[in-house]
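Here the structure is laid out as structure tokens; the discussion comes afterwards.
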Amino acid sequence: MSGKVKPCPTCSRLIQKNGGCVHMTCRAPAGCGHEFNWDCLCPWGTHGGRPCTRAPAEEDARKTQISAERLWHYQDQFVRQREAQAWAMRCVDKSKALLDSCIQSSATARNLGFLPCVAGEVVKGRRILKWTHAFAYLMDARSPECDLFNLHQVRLLEILDMLSDLTENTDWEMFFQAESSSSQEDLLQKRSEALSLCYVLQEAFGALDTWMSGLGAKVT
Numbered sequence: 001m002s003g004k005v006k007p008c009p010t011c012s013r014l015i016q017k018n019g020g021c022v023h024m025t026c027r028a029p030a031g032c033g034h035e036f037n038w039d040c041l042c043p044w045g046t047h048g049g050r051p052c053t054r055a056p057a058e059e060d061a062r063k064t065q066i067s068a069e070r071l072w073h074y075q076d077q078f079v080r081q082r083e084a085q086a087w088a089m090r091c092v093d094k095s096k097a098l099l100d101s102c103i104q105s106s107a108t109a110r111n112l113g114f115l116p117c118v119a120g121e122v123v124k125g126r127r128i129l130k131w132t133h134a135f136a137y138l139m140d141a142r143s144p145e146c147d148l149f150n151l152h153q154v155r156l157l158e159i160l161d162m163l164s165d166l167t168e169n170t171d172w173e174m175f176f177q178a179e180s181s182s183s184q185e186d187l188l189q190k191r192s193e194a195l196s197l198c199y200v201l202q203e204a205f206g207a208l209d210t211w212m213s214g215l216g217a218k219v220t
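FYI, in full-length UniProt numbering the residues of the sequence shown are 1 to 220.
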């Protein structure tokens, strides 16, 4: 990653190299227009168009490595939540198919009606959490706001993981195979846990939305 992405020496905007030429320009509108040599990070005019084999200054090289590692971290977190979102979407489809295949008048069917909605909340939560990593990448990693934002992310991740574990790893078909009073009590307990976690999840998103509104952003 560090060999393909480097920060602009002037504005620190990350630039990805996708060709063989070492003449780089931090392009507008997001960039500052600075031209530099990809290899040594010196201003392009320094070389008069000639190649350069000088290594970047130690401080610039370390800055490049840290920026690349930070980018990789948030990319990895983004991809992980995207995959978790896809898995939750499959859980929604599976829960709907399970309800469609059962006798709708049964006690189990009535008590399981919550499942597609809860799984849908996981899909929504994963989608929002996925994009919080892109937002976090744009923040100043040394700022108090970034630390607070990380606390919100951790809280959301904890709740989503608990809700995902409940919806994805419970054998819901088992409750159709044994509709005894004890199995229905177990099912009602599962439903109560799921709905409680959904409530806590909504509160956590509300807290994040309120906090982000102070930064001029919004959770959607």
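Every residue, glycine too, gets a C-beta built ideally from N, C-alpha and C.
None of these values were measured; they are calculated from a predicted model.
Of the choices Thr167, Phe149, Glu83, Phe176, whose alpha-carbon is the least far from that of Ser213?
Comparing Cα-Cα distances from Ser213 to each of Thr167, Phe149, Glu83, Phe176, the minimum goes to Phe149.
Any chance you could list the alpha helix (DSSP H) runs of at least 4 consecutive residues sitting entirely within the segment 112 to 154, in chain order?
Counting whole runs of 4 or more residues, the segment 112 to 154 contains the alpha helix (DSSP H) stretches 115 to 138.
Compare the C-alpha of Asp171 against each of Arg155, Leu151, Leu112, Ala30 and name the closest.
Out of Arg155, Leu151, Leu112, Ala30, Leu112 has the C-alpha closest to the C-alpha of Asp171.
Kindly indicate which three-state DSSP category Glu69 falls into: helix, strand or coil?
Glu69: helix per DSSP, three-state reduction.
Taking the alpha-carbon positions, what's the Leu98 to Ala88 distance?
So the alpha carbons of these two residues sit roughly 15 Å apart.
Can you tell which of Trp44, Ser183, Val123 has its C-alpha closest to the C-alpha of Val22?
The option with the nearest alpha carbon to Val22 is Trp44.
Would the beta-carbon of Leu201 fall within 8 Å of that of Leu163?
Yes, the Cβ-Cβ distance between Leu201 and Leu163 is below 8 Å.
If we call anything under 8 Å between Cβ atoms a contact, is Leu129 one with Leu151?
No, the Cβ-Cβ distance between Leu129 and Leu151 is not below 8 Å.
In angstroms, rounded to a whole number, what distance separates the CA positions of residue 238 and Phe205?
Because the chain here runs from 1 to 220, residue 238 falls outside it and cannot be looked at.
Could you compute how far the alpha carbon of Lys6 sits from the alpha carbon of Asp147?
Their Cα atoms are separated by approximately 24 Å.
Just to confirm my understanding: we take Lys4, look at its own chain, exclude 5 residues before and 5 after, and list those with CB closer than 7 Å. What are they?
Hits under 7 Å: Gln16, Lys17.
Report buried or exposed for Ala136, applying the criterion of at least 16 other Cβ atoms within 10 angstroms of its Cβ.
Under this definition Ala136 is a buried residue.
Helix, strand or coil, according to DSSP, for Leu14 in the structure here?
DSSP places Leu14 in strand when its eight states are reduced to three.
My output table needs one value for Thr170: the three-state DSSP class, helix, strand or coil.
Note: Thr170 maps to coil in three-state DSSP.
DSSP state of Lys6, grouped into three classes?
Lys6 falls in the strand class under three-state DSSP.
Going by DSSP, what residue range makes up the beta strand (DSSP E) through His23?
Start and end: 23 to 25.
Please determine, among Thr108, Glu145, Asp140, the residue with the shortest C-alpha to C-alpha distance to residue 227.
Since the first residue of the chain shown is 1 and the last is 220, residue 227 is not available in this structure.
Going straight from the alpha carbon of Leu41 to that of Pro9, what length do you get?
C-alpha separation (whole angstroms): 7 Å.
Apart from the five residues just before and just after Phe114, which ones in its own chain have a Cβ nearer than 8 Å to its Cβ?
The residues are Arg191, Ala194, Leu195.
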